[in-house]
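Since the structure comes first, as structure tokens, the remarks are kept for the end.
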Amino acid sequence: MLRLSLASKIVLGAIVAVILAFMYVPLMLVVLNSFNAARIVSWPVAEFSLEWWGKAFTSQPIKDAILNSLLVAAGATLIALILGTLVAFALQRYSFFGQRAVNLLVVLPIALPGIVTGVALNNTYNQILEPIGINVGFFGMIIAHGTFCIVMVFNNVLARLRRLNPGIEEASKDLGATPWQTFRLVTFPQFRSAFIAGGILAFALSFDEVYVTIFTAPPGVDTLPLWIMNQMARPNEANVVNVVATVVILASFIPVWVSQRLSRDVAERD
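Take 1 as the starting number for the sequence shown in the UniProt record's numbering and just add one per residue.
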């Protein structure tokens with residue numbers, strides 16, 4: 001076992017403390033300014049107030065933006081769960097011509113800059129689909145998010161499938177189980193944690209996406225990231241943005257906790 005000297009421990013501890021401070025002090029400033037009585041963001045906070053929390057929770061534009069973000073993220077996650085899992089099974093279970101090319105094409109959207117994806121889809125919607133009478137509208141934004149969310153599910157499920165023992169499925173078939181019974185009772189439970197983790201990652205990735213959303217959102221439709229970006233140009237509304245950001249920070253603990261539980265369960269099972 002590697003043993004560190006006292007000096008090494010102090011140095012490493014200091015580095016870790018600086019990194020954590022760099023990551024979390026700005027978040028704490030956001031939380032504190034959400035209770036700032038001043039109309040503009042300031043430091044130190046001279047007086048605390050719940051005024052901005054009241055305005056945020058009664059603001060219809062914020063409610064609409066949150067609902068839009070949830071709907072888009074849920075739709076994109078559903079697309080990712082279905083298509084990502086199917087592609088993962090196809091690439092892991094079968095050999096066919098162009099297999100590597102399919103793998104590359106599935107992963108490519110996450111490597112492309114979001115602005116490139118957004119411009120490409122915007123051109124497709126406006127210059128190809130609309131002239132022939134197809135107006136994708138809100139659904140087009142969901143499809144756009146789904147293109148890069150698929151990768152999250154695909155990578156997680158594929159990695160898990162490669163670690164499965166095929167003998168268990170063969171035993172299930174030998175005992176008379178139908179293909180659906182084998183999948184439901186044997187196969188799916190073995191990659192369920194990866195499936196859920198991929199869905200959580202896909203949802204989070206879609207929920208805070210900005211660049212693709214800018215180019216594919218229908219006129220007058222704001223998701224939460226777009227609403228925040230627009231409000232940042234209005235300094236008098238900055239503390240309302242801090243309230244929304246604080247709620248998002250607190251809500252983020254839920255998927256993090258779920259992911260840790262899933263990872264722990266997988267480790268214990270392996």
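Glycine included, C-beta positions come from ideal geometry on N, C-alpha and C. Values in this document were obtained by computation on a predicted structure and should not be read as measured data.
Contact annotation: Phe207 and Ala73 have beta-carbon atoms nearer than 8 Å. The criterion of a C-beta distance shorter than 8 Å is not satisfied by Thr223 and Ser49. Ile150 places its beta carbon 8 Å or farther from that of Leu105. Within the same chain, Cβ atoms closer than 8 Å to the Cβ of Thr187 are found at Leu164, Glu169, the five residues on either side in sequence being excluded. A contact is defined here as three or more CB-CB pairs under 8 Å, and the segment 233-247 fails this definition with respect to the segment 111-131. DSSP places Phe215 in the uninterrupted alpha helix (DSSP H) bounded by 211-216. DSSP places Gln181 in the uninterrupted alpha helix (DSSP H) bounded by 179-182.
Contact between Ile228 and Val244 holds: their C-beta atoms lie close to 7 Å from each other, under 8 Å.
Beta-bridge partners of Asn36 (DSSP): Phe48. Non-local C-beta neighbours of Ala37 in its own chain, meaning closer than 7 Å and more than five positions away in sequence, comprise Glu47, Phe48, Ser49, Glu51, ordered along the chain.
Looking at the backbone, the Cα of Arg93 and that of Ile19 are separated by about 43 Å.
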